[in-house]
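What follows is one structure encoded as structure tokens, with my remarks underneath.
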Amino acid sequence: METKDLELFLAVARNRSISRTADQLYMSQSTVTNRLQRLERDLGCQLFTRTPGGVQLTEEGKRIYPLAERMVDLERRMLEPAKRAVRTLRVMSGRAFVSTDVPKCLHQILQVAEVRLQVRMGMYEDMVEALVGNQVDFCFLGEPIHHPRVRLIEYPPDAIDLVVPRGHRFVHDLPSIGALAEEPFIAFADTSAPFRRRIAMLLAKYNVYPDVRMELDSIDGIKAMVAQGLGISLLPRRTLHDAEAKGVVAIPLSDPQFCRPTYLAYPDAIEHEELTKAFIAIVTQHYAGK
Numbered sequence: 007m008e009t010k011d012l013e014l015f016l017a018v019a020r021n022r023s024i025s026r027t028a029d030q031l032y033m034s035q036s037t038v039t040n041r042l043q044r045l046e047r048d049l050g051c052q053l054f055t056r057t058p059g060g061v062q063l064t065e066e067g068k069r070i071y072p073l074a075e076r077m078v079d080l081e082r083r084m085l086e087p088a089k090r091a092v093r094t095l096r097v098m099s100g101r102a103f104v105s106t107d108v109p110k111c112l113h114q115i116l117q118v119a120e121v122r123l124q125v126r127m128g129m130y131e132d133m134v135e136a137l138v139g140n141q142v143d144f145c146f147l148g149e150p151i152h153h154p155r156v157r158l159i160e161y162p163p164d165a166i167d168l169v170v171p172r173g174h175r176f177v178h179d180l181p182s183i184g185a186l187a188e189e190p191f192i193a194f195a196d197t198s199a200p201f202r203r204r205i206a207m208l209l210a211k212y213n214v215y216p217d218v219r220m221e222l223d224s225i226d227g228i229k230a231m232v233a234q235g236l237g238i239s240l241l242p243r244r245t246l247h248d249a250e251a252k253g254v255v256a257i258p259l260s261d262p263q264f265c266r267p268t269y270l271a272y273p274d275a276i277e278h279e280e281l282t283k284a285f286i287a288i289v290t291q292h293y294a295g296k
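Its first residue numbered 7, the sequence shown is counted upward by one per residue in the working numbering.
The following block contains the structure:
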């Protein structure tokens with residue numbers, strides 16, 4: 007078994023795609039597939055199953071993932087004996103957090119600790135799986151995770167604002183939240199996403215069932231569509247710091263329930279590590295200033 011094959015296995019697991027991994031590593035898909043099959047023969051188990059969107063880890067693959075990370079890290083340290091061992095801080099986040107809070111917190115941790123950063127985006131279900139499987143150190147979340155092996159810290163919630171184009175009638179007069187039903191709506195994420203479900207629940211209180219014209223997983227994409235007058239949207243306030251530059255207007259809503267929780271989750275296995283405590287302190291300080 008070659009360590010290079012383990013590194014490839016880790017890359018495919020993170021990308022959930024053989025083709026995407028092949029592109030990143032400038033390899034052919036057949037080469038990636040052949041090396042994964044060689045690793046599966048060496049280990050005597052299947053590591054991935056195919057899905058409509060790519061691949062996902064099998065139960066054996068999930069078990070091997072953290073072991074492979076340790077082996078790759080150990081070889082790296084053995085081959086670089088003169089260098090001090092550097093810990094990898096693995097962070098996972100949804101799109102809203104990765105465009106606002108995550109970069110600032112990572113910048114701060116680099117000022118106080120010598121770490122290698124590994125950041126990836128994922129859906130809520132992906133983050134739950136990664137935390138339980140010790141595949142990630144921290145997750146920034148907009149919904150809680152309740153699991154005996156996951157620790158959770160709650161921070162101040164983020165208000166959800168109405169986003170409209172410049173010159174829209176709501177800028178000067180929003181008669182009620184119920185008036186949103188009259189406008190074409192641009193939704194963030196698909197119907198299974200926690201944020202989308204939260205928006206639907208909040209609007210339903212006002213008998214508003216939005217006329218969804220677009221579903222986008224890019225916050226900047228939503229702002230661009232709104233700026234062109236193609237619809238209105240509801241987005242977390244922390245993502246709207248550049249609203250004016252993007253050509254949109256953020257309008258606070260009168261109902262304080264229009265907000266999204268903010269959580270930091272991490273596996274209980276790293277609870278007492280110094281790096282864990284340092285990162286929690288940085289995130290806590292970051293949200294204290296909000």
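Glycine included, every Cβ here is placed at the ideal spot set by N, Cα and C. Keep in mind it's a predicted model, so treat the numbers as computed, not measured.
Span separating the alpha-carbon of residue i from that of residue j
i           : j           : result
residue 207 : residue 166 : 13 angstroms
residue 168 : residue 93  : 41 angstroms
residue 164 : residue 263 : 10 angstroms
residue 81  : residue 27  : 22 angstroms
residue 66  : residue 113 : 35 angstroms
residue 32  : residue 59  : 21 angstroms
residue 232 : residue 69  : 44 angstroms
residue 273 : residue 140 : 7 angstroms
residue 185 : residue 255 : 17 angstroms
residue 105 : residue 41  : 35 angstroms
residue 149 : residue 161 : 11 angstroms
residue 30  : residue 178 : 48 angstroms
residue 265 : residue 83  : 45 angstroms
residue 123 : residue 181 : 47 angstroms
residue 153 : residue 271 : 10 angstroms
residue 211 : residue 279 : 44 angstroms
residue 117 : residue 188 : 49 angstroms
residue 204 : residue 267 : 10 angstroms
residue 290 : residue 100 : 19 angstroms
residue 173 : residue 253 : 10 angstroms
residue 151 : residue 18  : 25 angstroms
residue 13  : residue 111 : 27 angstroms
residue 197 : residue 295 : 32 angstroms
residue 85  : residue 147 : 37 angstroms
Residue j beta carbon less than 8 angstroms from that of residue i
i           : j           : result
residue 223 : residue 195 : yes
residue 64  : residue 54  : yes
residue 246 : residue 183 : no
residue 257 : residue 201 : no
residue 107 : residue 20  : no
residue 276 : residue 282 : yes
residue 159 : residue 71  : no
residue 61  : residue 22  : yes
residue 190 : residue 157 : no
residue 119 : residue 225 : no
Sequence-distant residues of its chain with Cβ nearer than 7 angstroms to residue i (five each side left out)
i           : result
residue 228 : 192, 194, 222, 239, 241
residue 235 : 171
residue 15  : 42, 45, 53, 74
residue 155 : 138, 273, 274
residue 51  : 66
residue 293 : 161, 162, 268
residue 213 : 184
residue 11  : 41, 44, 45
Contact set for residue i: own chain, Cβ-Cβ below 6 angstroms, skip 5 residues either direction
i           : result
residue 98  : 126, 128, 133, 136, 142, 145
residue 285 : 115
residue 251 : none
residue 237 : 190, 191, 192, 219
residue 25  : 35
Sequence-distant residues of its chain with Cβ nearer than 8 angstroms to residue i (five each side left out)
i           : result
residue 7   : 45, 48, 49
residue 9   : 77, 78, 81
residue 36  : none
residue 121 : 92, 93, 94, 95, 115, 281
residue 249 : 169, 229, 255, 256
Complete runs of the beta strand (DSSP E) confined to the stretch 229-273 [at least 3 residues]: 239-242, 254-257, 265-273
Any beta strand (DSSP E) of 3 or more consecutive residues that is wholly inside the stretch 123-204: 144-147, 156-171, 190-194
Contiguous alpha helix (DSSP H) assignments of at least 4 residues, all confined to the stretch 39-94: 65-85
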